[in-house]
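Residue numbers (mature numbering (1 follows the signal peptide of the UniProt record, and there is no 0)): -21 to -1, 1 to 202. Where is the CB? At the ideal position from N, CA and C, for every residue including glycine.
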Ligand SMILES: [Zn+2]
């Protein structure tokens, strides 16, 4: 029976490959044994030129982890003795972008970079979190640039009084799966504005000259 299922998966992938490449999620009826009418779902992640080919995820109800709204939370704390505090909530509906909403207090007035870093290991505070989360090994950019780190969420704006409201939508990060899943990694608020890689120097292409971390927290699933 296993062999039958494996052949069915290969056949389905072949169908997808020959269909409209712009489809991201395709539903195919799976007619093998013990299906109970479940759909086979195929999700396609487009290739990155000269780095990797297309990636396909294949799964079936009720194992599809991406078939319900997923929520995650980051509790931000200032690095060291700082009094910066905040919460950022992430919400993703099936196949949709991630809504990012939150509030941070205790920050210096002005713009500050907001990024997701590679690691969520807080044993050394905000200093040991690696670079911006960058699974495609691209250059740093702004949140709507086609060339960016997956972790590049842009800037937040802190008003008089030191608080910042966050309300944004990002179509690149994901709350599940490989290669763009961000849960377990860390959000970092940095000391300086992010220049989105347009600063004209080497550091700009690494982190947008956004300076040192002021506050950080791990992205964790809610329930
Ligand atoms: Zn970056």
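Item, Value
"Does ligand 1 have a heavy atom nearer than 7 Å to the CB of residue 96?", "no"
"Within this structure, are the beta carbons of residue 58 and residue 193 separated by less than 8 Å?", "yes"
"Looking at the unbroken beta strand (DSSP E) that takes in residue 132, where does it start and where does it end?", "131 to 137"
"In this structure, how does DSSP classify residue 97 when only helix, strand and coil are distinguished?", "coil"
"Where do the N-terminal and C-terminal ends of the beta strand (DSSP E) with residue 193 fall, by residue?", "192 to 200"
"How about residue 100: is its Cβ closer than 7 Å to a heavy atom in ligand 1?", "no"
"Give me, in chain order, the residues of the same chain whose beta-carbon lies closer than 6 Å to that of residue -15; leave out the 5 immediate sequence neighbours on both sides.", "With a pLDDT of only 40 at residue -15, under 50, the local geometry of the prediction cannot be trusted, and the value read off the model is given with reservation. Cβ within range, chain order: n/a, list empty."
"Please go through the stretch 25 to 94 and give each complete alpha helix (DSSP H) segment of 4 or more residues, from N-terminal end onward.", "none"
"Heavy atom of ligand 1 less than 7 Å from the Cβ of residue 130, yes or no?", "yes"
"Along the beta strand (DSSP E) that carries residue 173, what are the first and last residues, could you check?", "No beta strand (DSSP E) holds residue 173; DSSP gives it neither H nor E."
"Go ahead and label residue 71 buried or exposed: buried means 16 or more other beta carbons lie within 10 angstroms of its beta carbon, across all protein chains shown.", "buried"
"Does DSSP put residue 1 in a helix, a strand or coil?", "The pLDDT assigned to residue 1 is 38, lower than 50, so where the model puts this residue is not dependable; a value taken from the coordinates is nonetheless given after this. Coil."
"Got a sec: does ligand 1 put a non-hydrogen atom nearer than 7 Å to the Cβ of residue 187?", "yes"
"Could you name the residues that DSSP lists as bridge partners for residue 159?", "None, per the DSSP bridge assignment."
"Can you round the beta-carbon distance between residue 34 and residue 168 to whole angstroms, since I take them to be within the 8 Å contact cut?", "Between residue 168 and residue 34 the Cβ distance is about 31 Å, and since that is not below 8 Å, they are no contact."
"Among 51, 61 and 116, which has the Cα closest to the Cα of residue 67?", "51"
"Tell me whether residue 153 sits in a helix, a strand or coil according to DSSP, three-state version.", "strand"
"Could you have a look at residue 19 and say whether DSSP puts it in helix, strand or coil?", "strand"
"Can the beta-carbon of residue 203 be found less than 8 Å from the beta-carbon of residue 133?", "Because the chain in this structure spans residues -21 to 202, residue 203 falls outside the shown range and cannot be described."
"Looking at the secondary structure, which residues open and close the alpha helix (DSSP H) in which residue 125 lies?", "Neither: residue 125 is in no alpha helix (DSSP H) and is coded neither H nor E."
"Would you call the CB atoms of residue 77 and residue 139 closer than 8 Å?", "no"
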